[in-house]
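K.L.:
Numbering of the sequence shown is given in numbering that gives the first Met the number 0, commencing with residue 0 and proceeding in unit increments. Glycine residues also receive a C-beta, built at the ideal position from the N, C-alpha and C atoms. As the structure is a computational prediction, the values presented were derived from the model and not from experiment.
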Amino acid sequence: MAADWEILEIVGTEEEAELIVGYLESQGVPSQIESAHSHEFPVNVTALGNVRVEVPAGRLEEAQRLLAQRESLGADEQHEGAGEEET
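(1) Please go through the same chain and pick out, in chain order, the residues whose beta-carbon is closer than 7 Å to the beta-carbon of arginine 69, but skip the five residues on each side of it.
(2) Taking only three categories from DSSP, how would you classify glycine 34?
(3) Which residue comes first and which comes last in the beta strand (DSSP E) that contains valine 52?
(4) Does the Cβ-Cβ distance between glutamate 5 and valine 52 come in under 8 Å?
(5) Could you pull out every residue in the same chain whose Cβ sits closer than 8 Å to the Cβ of glutamine 26, ignoring the five residues on either side in sequence?
(6) Does serine 71 have its Cβ less than 8 Å from a Cβ in chain C?
(7) Could you tell me the alpha carbon to alpha carbon distance between glycine 11 and asparagine 49, rounded to whole angstroms?
(8) Look at the alpha carbon of alanine 2 and the alpha carbon of alanine 56, and state the distance between them as a whole number of angstroms.
(9) In whole angstroms, what separates the C-alpha of leucine 72 from that of glutamate 14?
What follows is the structure, given as structure tokens:
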């Protein structure tokens with residue numbers, strides 16, 4: 000029986016989706032990328048350019064929490080670095 004997958008995030012590029020999937024898998028959350036994007040076209044066309052990051056339905060809340068923590072940590076690091084001067 001195949002697992003039910005839920006959409007966690009919709010992003011604009013496969014590269015961004017790969018970063019998210021890599022992070023989630025490093026945290027023990029299985030994830031996958033679903034995309035209708037075609038590399039034959041030079042630009043993304045409407046919804047065809049959307050890339051979905053999906054996780055098992057039972058792990059959706061955990062994955063959402065992990066992404067929120069990751070984004071929060073990134074914002075904190077940017078905020079701390081904003082006041083530092085380069086030497």
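P.N.:
To lay it out plainly:
(1) Counting from 1 along the sequence shown, the entry for residue 69 is found at position 70. Excluding positions up to five away in sequence, the list reads Tyr22.
(2) Within the sequence shown, residue 34 is the residue found at index 35, counting from 1. One detail in the question is off: residue 34 reads as serine in this sequence, not glycine. Strand, per DSSP.
(3) One-based indexing of the sequence shown puts residue 52 at position 53. DSSP places valine 52 inside the beta strand (DSSP E), whose first and last residues are 50-55.
(4) Here residue 5 refers to the residue found at position 6 of the sequence shown. Here residue 52 refers to the residue found at position 53 of the sequence shown. Contact: no.
(5) To locate residue 26, count along the sequence shown from 1; it is residue 27. Result list for glutamine 26: Leu65, in chain order.
(6) In summary, chain C is missing from the structure at hand, where a single protein chain is found.
(7) What you label residue 11 is simply residue 12 of the sequence shown in a count that begins at 1. What you label residue 49 is simply residue 50 of the sequence shown in a count that begins at 1. So the alpha carbons of these two residues sit roughly 5 Å apart.
(8) Taking the first residue of the sequence shown as position 1, residue 2 is located at position 3. Taking the first residue of the sequence shown as position 1, residue 56 is located at position 57. Rounded to whole angstroms, the separation of the alpha carbons of alanine 56 and alanine 2 is 8 Å.
(9) Taking the first residue of the sequence shown as position 1, residue 72 is located at position 73. Taking the first residue of the sequence shown as position 1, residue 14 is located at position 15. As the crow flies, the alpha-carbon of leucine 72 is around 21 Å from that of glutamate 14.
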